[in-house]
Amino acid sequence: MPREIHLVNRPEGVPQPSDFALVRAPDPDPGEGDVVVANLWMSVDPYMRGRMRDAQSYAAPWQLNHVCDGRAVGRVLDSRHPGFAPGDLVRSLFGWREIFAAPGDALEKLDAAYPHAQHYLSALGGTGLTAYIGLLDLCDPQAGETVFVSGAAGAVGSVAGQIARIRGCRVVGSAGSDAKVALLGEEFGFDAGFNYKRDDPMDALADLAPDGVDVYFDNVGGRHLEAALDHMNDFGRICACGSISRYNDAEPAPGPANIFQVVPKRLQMRGFIVTDHLDRLPQFEADVKGWIASGDLRVEETVVDGLESAVEAFLGLFRGENTGKMLVRLASG
């Protein structure tokens, strides 16, 4: 019997392993039009913390005592749908489980010849698309401008910073350890970086971006956003992608004390949900595959093995245990 992970408790504050349960599920019983899939890879993402709350948001809350869900890539085992055949590679929203049956219309067929299936959950997946849309479509950085990326060694930040470099920008990033800061320069081509656990972002930006910041890609919120607001140049652009520093707060945190900077500096600050931009997928995939092939974009992934490790992988996101995209490998391809 295949295994799956259920949410069994809605936490206050930092989630615990006891909020989840690893359970056995019935063998798939496909009907007409269904496809049976064995998951090869699944994604864990910071936004899933919001799905643990029973509150309306852009993603539906996970239901108690029911299997969680999220992005996954798998291989078709059996098909009763004319569009799929055994061996096809597919992407779905049926993560957090080993094997499932679902309507074929709920699956996306992928290029099985592409050599790195897991990239469809990282640089070629939602995190890569988030970086691409947030940076290029919302902020439109120009060659010579300074771009600041917080959480720059993470799944979205590492891609956003590299795209800014490809655009000819000067790129400054923050990360949570000296090793990650070194990675920003040595592997991702950032011009400068700082360890936010040691260096205050306000002081670090004064030192590393003395001519100010033109574009801020915000993955963290909190003190990072305050620092960016103080150092933004006139007519700067801020992409509000996430605020991982606040996701486990039991009570809402106060907003930045210097939010008034938006007015005199005539700043543009915009939030977005990546699923509103799926029409950009073809161009995004073509661009990113080209950058990967040319070596302009490095794909960094942290991989853990086995469904039984998925909860710790998810919780590790909030402890900064990932470099690049955090992925769970369920089976070999």
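Numbered per numbering that gives the first Met the number 0, the sequence shown spans residues 0 to 332.
Ideal Cβ positions, reconstructed from N, Cα and C, are used throughout, including at glycine.
This one's a predicted model, so the numbers in the text were calculated from it and none came from an experiment.
Going by DSSP, name the residue or residues bridged to H5.
Here residue 5 refers to the residue found at position 6 when the sequence shown is read from its first residue. Note: H5 sits in a beta bridge opposite A20, V66.
If I measure Cβ to Cβ from S56 and keep anything under 7 Å in the same chain, skipping five residues before and after, which residues do I get?
Position 57 of the sequence shown holds residue 56. So the qualifying residues of the chain are G49.
Can you tell me where the alpha helix (DSSP H) with K288 in it begins and where it stops?
Looking up residue 288 in the sequence shown gives position 289. Element bounds for K288: 280-293.
May I ask which residues mark the beginning and end of the beta strand (DSSP E) holding G184?
By 1-based counting over the sequence shown, the position of residue 184 is 185. That residue, G184, is in no beta strand (DSSP E); its alpha helix (DSSP H) goes 177-185.
Determine, using beta carbons only, whether A130 and A159 come nearer to each other than 7 Å.
What you label residue 130 is simply residue 131 of the sequence shown in a count that begins at 1. What you label residue 159 is simply residue 160 of the sequence shown in a count that begins at 1. Yes, the pair counts as a contact, with Cβ atoms nearer than the cut-off.
Are the stretch 64-75 and the stretch 85-103 in contact at 8 Å, needing three or more beta carbon pairs?
As far as the Cβ criterion goes, the stretch 64-75 touches the stretch 85-103, which means the pair count is three or higher.
Within a Cβ cutoff of 6 Å, which residues of the same chain sit near L128, ignoring the five residues on either side of it in sequence?
If you number the sequence shown from 1, residue 128 lands on position 129. Taken in chain order, the residues that qualify are V273, F283.
Using CA coordinates, which residue listed in M325, S78, D278 is at the minimum distance from E300?
Taking the sequence shown and counting its residues from 1, one reaches residue 300 at position 301. Nearest C-alpha to E300: M325.
Could you name each continuous alpha helix (DSSP H) segment of 4 residues or more that falls completely within the stretch 114-200, going from the start of the chain to the end?
Within the stretch 114-200, the complete alpha helix (DSSP H) runs of at least 4 residues are 125-131, 154-165, 177-185.
Which of the three DSSP states is assigned to G323 in this structure?
Here residue 323 corresponds to residue number 324 of the sequence shown, with the count starting at 1. Correct three-state label for G323: strand.
Using DSSP with H/G/I as helix, E/B as strand and the rest coil, what is A101?
Along the sequence shown, one-based indexing puts residue 101 at 102. Strand.
Assign M51 to one of three DSSP states: helix, strand, or coil.
On the sequence shown, residue 51 is found 52 positions in, with the first residue counted as 1. Reduced to three states, the DSSP call for M51 is coil.
Using beta carbons (cut-off 7 Å, strictly below), is W40 in contact with chain C?
Among the chains of the structure shown, chain C does not appear; only one protein chain is present.
To the nearest angstrom, report how far apart G211 and I237 are at their CA atoms.
By 1-based counting over the sequence shown, the position of residue 211 is 212. By 1-based counting over the sequence shown, the position of residue 237 is 238. In a straight line, the C-alpha of G211 is about 13 Å away from that of I237.
When you compare each of D198, V298, H230, G175 to A116 by their alpha carbons, which one comes out closest?
Translated into positions along the sequence shown, residue 116 becomes position 117. Closest option to A116, Cα to Cα, is V298.
Would the beta-carbon of D229 fall within 7 Å of that of N257?
Along the sequence shown, read from residue 1 onward, the residue named residue 229 stands at position 230. Along the sequence shown, read from residue 1 onward, the residue named residue 257 stands at position 258. The answer is yes: Cβ separation under 7 Å.
If we call anything under 7 Å between Cβ atoms a contact, is L120 one with W61?
The residue labelled residue 120 in the question sits at position 121 within the sequence shown. The residue labelled residue 61 in the question sits at position 62 within the sequence shown. Contact: no.
Starting from C238, follow its DSSP beta bridges and name the residues at the other end.
As a working note, residue 238 is residue 239 in the sequence shown. F216, R269.
Helix, strand or coil: which one does DSSP assign to D229?
Here residue 229 is taken as the residue at index 230 of the sequence shown, counted from 1. In this structure, D229 counts as helix in the three-state DSSP scheme.
Please state whether the Cβ-Cβ distance between L109 and L88 is less than 7 Å.
Counting from 1 along the sequence shown, the entry for residue 109 is found at position 110. Counting from 1 along the sequence shown, the entry for residue 88 is found at position 89. Yes. Within cutoff.
State the Cα-Cα distance for the pair R269 and S42, rounded to the nearest angstrom.
Residue 269 sits at position 270 when you count from the first residue of the sequence shown. Residue 42 sits at position 43 when you count from the first residue of the sequence shown. The straight-line gap from Cα to Cα measures roughly 26 Å.
Our contact map puts V34 next to A101 with C-beta atoms below 8 Å; I'd like the distance itself, whole angstroms only.
Position 35 of the sequence shown holds residue 34. Position 102 of the sequence shown holds residue 101. The pair is a contact, with the Cβ atoms about 6 Å apart (cut-off 8 Å).
Using DSSP bridges, identify the partner residues of R96.
To locate residue 96, count along the sequence shown from 1; it is residue 97. Paired residue(s): E3.
Can you give the Cα-Cα distance for F271 and N321, rounded to whole angstroms?
Here residue 271 refers to the residue found at position 272 when the sequence shown is read from its first residue. Here residue 321 refers to the residue found at position 322 when the sequence shown is read from its first residue. Roughly 24 Å between the two C-alpha positions.
Check the DSSP bridge columns for L88 and list the partner residues they point to.
Stepping through the sequence shown from its first residue, residue 88 is reached at position 89. In the DSSP output, where bridge partners are listed per residue, L88 has R74.
Among E307, E185, D177, G323, whose alpha-carbon lies nearest the alpha-carbon of K196?
Taking the sequence shown and counting its residues from 1, the one referred to as residue 196 is at position 197. When each option's Cα is compared against that of K196, the closest is D177.
Once DSSP output is grouped into helix, strand and coil, what is the label at R79?
Locating residue 79 in the sequence shown gives position 80, counting from the first residue. Of the three classes helix, strand and coil, the one that applies to R79 here is coil, per DSSP.
Would you list the one or two residues that DSSP bridges to R318?
As a position in the sequence shown, residue 318 is number 319, starting the count at 1. Note: R318 sits in no beta bridge, so no partner.
Count Cβ pairs between the stretch 301-312 and the stretch 168-182 that sit closer than 8 Å; are there 3 or more?
Segments in contact, no.
Cα-Cα, which of P209, G103, C67 is closest to H80?
The residue you call residue 80 lines up with position 81 of the sequence shown. Ranking P209, G103, C67 by Cα distance to H80 puts G103 first.
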